[in-house]
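Chains as they are written, first to last, in my numbering: chain A, 26 to 237; chain B, 456 to 645; chain C, 996 to 1327.
From the three backbone atoms N, C-alpha and C, an ideal C-beta is built for every residue, glycine too.
What follows is a single structure, written as structure tokens, with notes after it.
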Amino acid sequence: MTDRKKALFGGVLGDNIVLSGLMVISPVIICGDTLKNAEALIYAFSAITFLSVLISSFVPKKLPYTAKVIIYALISALVYIPVKLAAREFYPESIERIGIYYPLLAVNSLIVFQTEAKFFRMKKGDMIVSLLSCIIGFDIVMLLTGFLRELFAYGTINSRIVDVNTLIGGLSQPFGGFIFLGLMCGVYRFIRGLVSRNSNNDVRSDADVSDK
Amino acid sequence: MFLINDLIALLAANLILSQALGTSTIFIAAGSRKNLIGTAGVITVFTTIGAAAAYLIDLLLQPSVADLRLLFYTIVIGALYVALLAAVYRFANRWFEELRRYIHVSAFNCAVMGTLFTINSRASMDGTMFNLGGYVSAGLEAGIGFIIAALILTAAYRKLNSSKVPASFRGFPAMLVYLGIISMAVYSLK
Amino acid sequence: MLKKARKERLVWLDIMITLLTLELMSYFYYGLRSVFLAGICVLTGFAAELVSVRLMKRKFTADDMTCTSDALILALMFPAVMDYHISVIAVLFAIIVAKNIFGGRINMIFSPAAAAYVFVLTSWERQLLQYTEPHVKTGLFETPANLVKSASYVFDHTGSFSHTDFEVLLGNFSGPAGAVSILLLAVAAVILMMRRSISAGAFLGTIFGTGLFAVITPIVSSRADSLKYSLVTNMVLFSAIYIVSDLRIAPRRDYYAFFYGLFIGVISYVLVLTGAKENAIVIVSVLFTPVALGFRHLEKQIDTAAQEHASEVTEAANANAAAAGEEAVSDD
């Protein structure tokens, strides 16, 4: 039961797609410098990913891997169109702010690769729960990143000025995003290591190349 | 002397260091010399040929249906993906099993798609770039930029995955911070 | 193992002595404020290192005191009237982000002071590159007034350097607190090279590279002046000693270190010449980190190959000796 719970809900914290799987990190690094950008990205990512994976789950499994990957990418490229039209209607400034990262969300590795590797091996119901938990995991990271970077880089929260003593301008830049995300991943792993029962901290990296 | 300034400009426009595109892929590329050559080489092929196809799409696509750009780019990359697999199977069958992995990883990738969109946005701002030569050279430049960034990461790969690095930061977190500091130095030269 | 640890402490001691003399000079020009700033940086660095080492489940030893030299180097790169908050954040960045995240002093990748300087440059450029004139003493918590651009900035942009040689030697011109006392820096360089506390190859390579290009493609009409002022401005001498020639970062073999320093010197000079980039050498030294790592990896491979070859030769010699012994016995 615990393993099943991990598989279903792990995407939120235990096996977060950004902090643990290092997927979809480009928008987090480049666009995650304000809360408004984070909200726009959350909307786009959640809508595109959920709909794309759901529709892709009806693609016949017997097709060759290459054909399936192309079809998944085409489906998400088609789903992107109405999502962008809706964004143009309700969040018009967000499209210009996020720029090329809007369409790039449609080819994120969660849709293109993780569908085959993880989601489509589950039952439909479990797949939806697991997918939602992965999306929520991304949303949490995006919100946290947008909030903290905006606070310390600009001294604002959702464009409202807050009294912050010293601002770190570099946090708003891409390199600030890299360093911030790296620190966040490290802290996340540290906390996860403290919380988890086994002492193994390994995630995706081929860690432990010993020096001589 | 101006070669140095050109190199700085190349670094400043680097996909990974300034736009964080293809960061996950570069972690794979930096793992070993074989991965580096395979991944970086295939990405360069995708960005160069993809850029040429993107030019034709941008030439024909009307502004009123600009939202279909992603769909057409996806079709082009999909076709290139299949063509490359077929070409490797036909002409380099001995290495098909090895090269196949790199082609799978490189096809629908932020680095490749991001290059096409970046070139498109640059061409819309700078009319002189809107020609086949401009697109192809920009695509090749992006591929070379990926190779340079992969080399930068490969130089530190062993140290970043060393047992001396605290377990929480070993591997990807340390790589992100490392790339961030290099990116910071490049940014400060602008 | 014990011999290597002891040497590291001696290196740190040598570096600290030279840094403290520079700090003394800074006190002479800028008063107690510069000493207070240095003190805050050193204490912050020490505290950050203590906490980091404990979190890494390691014992804090005397070798870990290198954090104080890194912090002091950074303090000497700042204006004497630098904001304390920024200094503290910079030192924390140097010790935690640029050093201890990668494993600390046993797995150095970046020069902590250089990385932190670039961080401050990208986040607080205005505060970093404005200075008080020498002999203008600012109170400990007073807001600095009448800030000026550094002499390096003026030289980079206009080609003029309106200070006598005597003023240059004694550091009587505006710039980073510790990077302007040229005579002291020259003496420190000689002493540290003689005591092997810095990489002589890297230092000489940097100076040679900068000097060579200053003569070939001079910034000013006079080649002699171009050579002279290129070496005394833009923190070239200071960085050549404490950043480029850092034994923890620079290649170990002198000829590799020479070329490492040479390229850093050349590229930073070109950036100053073509883009008037102030203190470019610090930025270039961070960018050259992969090159330094590449050289070190090459050196390790050479050492491994040499060891294997030596052990093969020894084994072959032993085998021959054994065979000769057996022959002698059978002859008998």
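Neighbour list for residue i in chain A, Cβ cutoff strictly below 9 angstroms
| i | result |
| --- | --- |
| THR1117/C | GLY194, GLY195, GLN198, PHE200 and GLY201 |
| ILE1096/C | GLY207, LEU208 and GLY211 |
Buried versus exposed, by CB contacts within 10 Å (16 or more), residue i
| i | result |
| --- | --- |
| PHE1136/C | exposed |
| HIS1152/C | exposed |
| TRP1007/C | buried |
| SER188/A | Looking at the sequence provided, one finds Asp at residue 188/A rather than Ser. Exposed is the call here. |
| PHE546/B | exposed |
| VAL1324/C | exposed |
| PRO89/A | exposed |
| ARG549/B | exposed |
| THR1159/C | exposed |
Proximal chain C residues relative to residue i, where beta-carbon distance stays under 8 angstroms
| i | result |
| --- | --- |
| ILE204/A | VAL1092 |
| THR191/A | ASP1078, HIS1080, ILE1081 and ILE1084 |
| ASN616/B | Under the 8 angstroms cutoff, chain C gives no residues; its nearest Cβ is about 11 angstroms from ASN616/B. |
Integer-rounded CB distance, given that residue j should sit under 8 angstroms from residue i
| i | j | result |
| --- | --- | --- |
| LEU1288/C | LYS614/B | 7 angstroms |
| SER1082/C | PHE1073/C | 6 angstroms |
| ASP1009/C | ARG1190/C | 5 angstroms |
| LEU129/A | GLY569/B | 6 angstroms |
| THR1117/C | GLN139/A | Contact doesn't hold; Cβ gap of about 35 angstroms is too wide. |
| ASN41/A | VAL166/A | 6 angstroms |
| ASP1058/C | ALA1108/C | No, ASP1058/C and ALA1108/C are not in contact; Cβ-Cβ is about 18 angstroms, not under 8 angstroms. |
| ILE136/A | SER77/A | 5 angstroms |
| PHE200/A | GLY635/B | 5 angstroms |
| TYR1235/C | SER1225/C | Looking at the sequence shown, residue 1235/C is not Tyr but Ala. Not really, about 12 angstroms apart at Cβ, beyond 8 angstroms. |
| THR91/A | TYR536/B | 7 angstroms |
Residue range of the alpha helix (DSSP H) that includes residue i
| i | result |
| --- | --- |
| ASN190/A | Per DSSP, ASN190/A belongs to no alpha helix (DSSP H) and is neither H nor E. |
| VAL500/B | 488–515 |
| GLU553/B | 551–561 |
| SER1280/C | 1275–1282 |
| ARG214/A | 199–220 |
| LEU129/A | 126–129 |
| GLY589/B | 587–615 |
| VAL632/B | 627–643 |
| ARG174/A | 149–179 |
| ARG577/B | 565–580 |
| ALA1043/C | 1027–1050 |
| PRO107/A | 90–115 |
| ASN62/A | 60–81 |
| VAL1185/C | 1177–1189 |
| VAL1267/C | 1249–1270 |
| MET1072/C | 1061–1072 |
| ALA1108/C | 1107–1118 |
Partners in chain B for residue i, counting only beta-carbon separations shorter than 7 angstroms
| i | result |
| --- | --- |
| SER81/A | Correct list: empty, because the minimum Cβ distance to chain B is about 13 angstroms. |
| CYS1114/C | In the sequence as presented, Cys is not what sits at residue 1114/C; that position holds Phe. Chain B residues near PHE1114/C: MET639. |
| PHE1349/C | Given a span of 996 to 1327 for chain C in the structure shown, any question on residue 1349/C remains unanswerable. |
| GLY1289/C | ALA610 |
Neighbourhood of residue i by C-beta, 8 angstroms cutoff - its chain only, sequence neighbours within 5 removed
| i | result |
| --- | --- |
| ASP236/A | Any reading at ASP236/A needs caution, since the residue's pLDDT is 37, under 50, leaving its predicted position unreliable; the model's value is listed next. Within the same chain, ASP236/A has no close Cβ partners at all. |
| THR503/B | VAL591, GLY594, LEU595 and GLY598 |
| ILE603/B | LEU465, LEU466 and ASN469 |
| ILE50/A | VAL43 and LEU206 |
| ASN586/B | TYR510 |
Same chain only: Cβ atoms within 6 angstroms of residue i, ignoring 5 sequence neighbours per side
| i | result |
| --- | --- |
| VAL228/A | Caution applies to VAL228/A, whose pLDDT of 46 falls short of 50 and renders its modelled position unreliable; the value that the coordinates give is listed next. So the qualifying residues of the chain are SER45. |
| SER230/A | Since pLDDT at SER230/A reaches only 43, below the 50 mark, its modelled position is unreliable, and the value read off the structure follows with that caveat. So no residue of the chain qualifies. |
| TYR116/A | ALA65 |
| SER1145/C | TYR1126, SER1169 and GLY1170 |
| GLY1260/C | THR1201, GLY1204 and THR1205 |
| ARG1243/C | MET1103 |
| VAL234/A | Its pLDDT being 39, under 50, VAL234/A is placed unreliably in this model, and the value from its coordinates should be taken loosely. Cβ within range, chain order: n/a, list empty. |
| MET996/C | Unreliable placement is indicated for MET996/C, whose pLDDT of 47 sits below 50; the coordinate value is still reported in the next sentence. Answer for MET996/C: no residue qualifies. |
| TYR1237/C | ILE1068 |
| VAL37/A | SER158, ILE161 and GLY162 |
Proximal residues to residue i (C-beta, below 7 angstroms), its chain only, five neighbours per side dropped
| i | result |
| --- | --- |
| ASN226/A | Residue confidence for ASN226/A is low, a pLDDT of 48 falling below 50, so the modelled location carries little weight; the figure read from the coordinates is stated next. Excluding residues within five positions, the ones whose Cβ falls inside 7 angstroms are ARG214 and GLY218. |
| ALA1245/C | SER1194, ALA1197, VAL1239, ALA1252, TYR1255 and ALA1287 |
| ALA1085/C | LEU1069, ALA1111, PHE1114 and VAL1115 |
Residues that residue i contacts on chain A, provided the C-beta gap is smaller than 8 angstroms
| i | result |
| --- | --- |
| ALA475/B | ILE50, SER51, ILE54, ILE55, PRO199, GLY202 and PHE203 |
| ASP513/B | Correct list: empty, because the minimum Cβ distance to chain A is about 14 angstroms. |
| LEU435/B | What is shown of chain B runs 456 to 645, which leaves residue 435/B out entirely. |
Proximal chain B residues relative to residue i, where beta-carbon distance stays under 8 angstroms
| i | result |
| --- | --- |
| GLY218/A | ALA622 and SER623 |
| ILE1101/C | LYS619 |
Under 7 angstroms from the C-beta of residue i: neighbouring residues of chain A
| i | result |
| --- | --- |
| GLY635/B | PHE200, PHE203, ILE204 and GLY207 |
Contact list for residue i against chain B, beta-carbon separation under 9 angstroms
| i | result |
| --- | --- |
| ARG122/A | Ordered by position in chain B, no residue passes the 9 angstroms Cβ test against ARG122/A, which lies about 14 angstroms from the chain. |
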